[in-house]
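When you line the sequence shown up against this note's numbering, it's residues 1157 to 1383, in that order.
Yeah, the Cβ is synthetic: ideal placement off N, Cα and C, and Gly gets one too.
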Amino acid sequence: MNNNIDNTITINNHPNLNPKNNHCVLASNNQGKLAELQDLFNHHKLGLKLIPQAQLNIDDAIEDGLSFIENAIIKARHASRISGLPAIADDSGLCVPVLGNAPGIYSARYAGIENKATRDQANNAKLINELTPIRTQNPNTPIIGQFVCVLAMVHHADDPHPIIAEGIWQGEILAEPKGTNGFGYDPLFWLPTLGKSSAELSKKEKSAISHRGIASRELIAKIKQAL
């Protein structure tokens, strides 16, 4: 059965959803990203009523782009095309220069694990394993990494001028996890100026300095300019 047809029927059963009412689809099924983005947009009182795509039975887009920007636009267009609403999408990941910027756009599926309950742990374990020989050769040299977040907003599926925002967060990669907050690679992302990992930050602390916080504030500013 065609998923797009199913989704369109489901969305048409929500007559109160309307771009004129500032409804906008948040094109992600990653619960960690959704929670952070919802908090950030609510904090800045943008006036958009964000609807997670899962509430509209929108499936994940096929992320076949070669960059964070391409994938963010793909996801935003996918959600907008099915819903008929504006959409905001996030594509983000961890880039480690000594690994050729891996895991990069493949951050969420780095270890090839589909089970969301164990995926973060598997991805972290693979990253630790990949970096072990490099640490052995250079035990006193910190391994640099950066989180990258790209947010894309489209007003409709064929919008020729998506609004794009990017945030980059510099840090170091730990040899073992530290902290229990956050998600993804947060337990391995060390912030030397704070003496904490990303997984040891509160939500408020993280939002103030993270890649997603930086990108969100930039996107919000651009949206306000366009209003």
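Element boundaries [alpha helix (DSSP H), containing residue i]
i       : result
GLU1374 : 1367-1382
SER1239 : 1224-1239
LEU1193 : 1187-1199
LEU1283 : 1272-1293
Spatial distance of residue i from residue j (CA atoms)
i       : j       : result
ALA1321 : LEU1196 : 14 Å
GLY1369 : SER1248 : 12 Å
LEU1357 : GLY1351 : 10 Å
ALA1272 : ALA1377 : The question names Ala, but residue 1272 is Lys in the sequence shown. C-alpha separation (whole angstroms): 33 Å.
GLY1301 : GLN1209 : 30 Å
LEU1347 : LYS1362 : 11 Å
ALA1191 : TRP1325 : 19 Å
ASN1198 : LEU1206 : 9 Å
ASN1227 : GLY1221 : 5 Å
LEU1330 : PHE1345 : 6 Å
ASN1169 : HIS1179 : Confidence at ASN1169 is low in this model, with a pLDDT of 46, below 50, so its placement is unreliable and the value that follows should be read with caution. Roughly 15 Å separates the two Cα atoms.
ASN1294 : LEU1250 : 21 Å
ASP1315 : ALA1243 : 11 Å
ARG1291 : ILE1379 : 43 Å
GLN1187 : ILE1284 : 24 Å
GLU1332 : LYS1201 : 38 Å
LYS1359 : HIS1367 : 13 Å
LEU1259 : ILE1299 : Sequence inspection shows Pro at residue 1259; the Leu mentioned does not correspond to that position. Cα to Cα, PRO1259 sits roughly 14 Å from ILE1299.
SER1353 : PHE1303 : 13 Å
ALA1382 : HIS1311 : 11 Å
Residue i and residue j closer than 8 Å at C-beta
i       : j       : result
LEU1255 : GLU1219 : no
ARG1373 : ALA1313 : no
PRO1318 : ILE1229 : yes
LEU1241 : MET1309 : no
ASP1276 : GLY1327 : no
ASN1280 : PRO1343 : yes
GLY1323 : ALA1355 : no
ILE1214 : ALA1235 : yes
CYS1305 : ALA1371 : yes
VAL1181 : LEU1204 : no
ALA1267 : LYS1282 : yes
ASN1257 : ASP1216 : no
Boundaries (first-last residue) of the beta strand (DSSP E) holding residue i
i       : result
ALA1183 : 1179-1183
ALA1264 : From DSSP, ALA1264 is part of no beta strand (DSSP E); its letter is neither H nor E.
For residue i, the residue or residues it bridges with in DSSP
i       : result
ALA1245 : ALA1183 and ALA1308
ILE1207 : VAL1181
LEU1250 : PHE1303
ALA1217 : Paired residues: none, contrary to the question.
Near the ligand FAD: residue i beta-carbon under 7 Å from a heavy atom
i       : result
GLU1192 : Among the components modelled here there is no ligand, and therefore nothing to report on the ligand FAD.
Fill in: alpha helix (DSSP H) segments (min. 4 residues) lying fully within the segment 1299-1369
Correct list: 1359-1365.
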